[in-house]
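Going by the working numbering, the residue at position 95 of the sequence shown is 145; the numbering climbs one at a time, nothing skipped.
Where is the CB? At the ideal position from N, CA and C, for every residue including glycine.
Nothing here was measured: the structure is a model prediction, and the numbers come from that model.
In what follows, a single structure is set out as C-alpha cells and then discussed.
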Amino acid sequence: MTYDNPTQDPAARAARHEHGRQILDAVDGEAGARVIDSLADIAPELGHQVVAWGFGEIYARPGLEPRDRQLVTLGMLTALGGCEPQLEVHINAALNVGLTPEQIIEAFLHSAVYCGFPRALNATFTAKKVFAERDLLPLA
C-alpha cells in the first residue's frame with residue numbers, strides 16, 4: 051500500500067483506519083485506545099497514522115507473530131529509554147498476546163546486556179506497575 055495521506059479517497063482512508071483499529075484493539079486493548087483517544091484534541095492525524103499505518107500496515111504483516119512483535123517492541127522501547135508510558139502500553143499488549151510476566155522480565159534482563167542496567171531497571175519497574183495493576187505479583 052501507499053503512504054496514507056489525508057487527500058486520498060475518504061472511503062479508502064476510513065477502511066485503512068478501521069482495519070488498523072481492529073488490530074490495535076486486539077493487541078493493545080483499552081490501553082491502546084486511550085493513547086489514540088488522548089490525541090484527538092491535539093494531534094488527530096498522528097492518532098490516525100498510528101492506527102492506519104502502525105497497526106493496519108506494520109502490525110498486520112504476516113512475517114512475525116503478535117507475541118514476537120511485542121518482544122521486539124519491548125526491546126526497542128527499553129533501548130530507547132524515556133519511553134516508559136509507551137512501554138507500559140506494550141507490556142500490557144505483550145500480556146494480551148500471550149507472553150507471560152516471566153518472559154517479559156527475562157526480556158528486560160536480557161536487555162541489560164545491550165542497553166545497560168538503568169534502562170533495564172526502568173523497564174522492569176514499568177512492568178512491575180503493570181503486573182500490579184493486573185494482579186500478577188509476586189512472580190515466583
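Cβ neighbours of ARG119 within its own chain (closer than 7 angstroms, five residues either side excluded): TYR109.
A straight-line Cα-Cα distance of about 18 angstroms links GLN72 and PRO60.
Secondary structure within the stretch 76–136: the alpha helix (DSSP H) runs of 4 or more consecutive residues, fully enclosed, are 94–99 and 116–130 (chain order). In this structure, the alpha-carbon of PHE105 lies about 30 angstroms from that of PHE167. Taking each of LEU89, VAL100, VAL85 and ALA93 in turn and checking the Cα distance to GLU68, the smallest one comes out for VAL100.
Assignment of THR174 by DSSP, reduced to helix, strand and coil, places it in the helix class.
Classified as buried, PHE158 has 16 or more neighbouring CB atoms from the shown chains inside 10 Å of its CB.
Here ARG184 carries a coil assignment [DSSP, helix/strand/coil]. ARG169 has its alpha-carbon roughly 18 angstroms from the corresponding atom of PRO151. Your pair VAL147 and PRO116 checks out as a contact, with CB atoms roughly 4 angstroms apart and the cut at 8 angstroms.
For the 8 angstroms CB-CB criterion, ILE141 and VAL180 form a contact. Counting along the chain, LEU149 sits inside no alpha helix (DSSP H), nor does DSSP assign it H or E at all. The Cβ atoms of ASP78 and ALA144 lie no closer than 8 angstroms to each other. Listed in chain order, the non-local C-beta contacts of ALA83 below 6 angstroms within the same chain number zero, local neighbours out to five positions each way being set aside. For the pair ASN172 and GLU138, the CB atoms are not nearer than the 8 angstroms cut-off.
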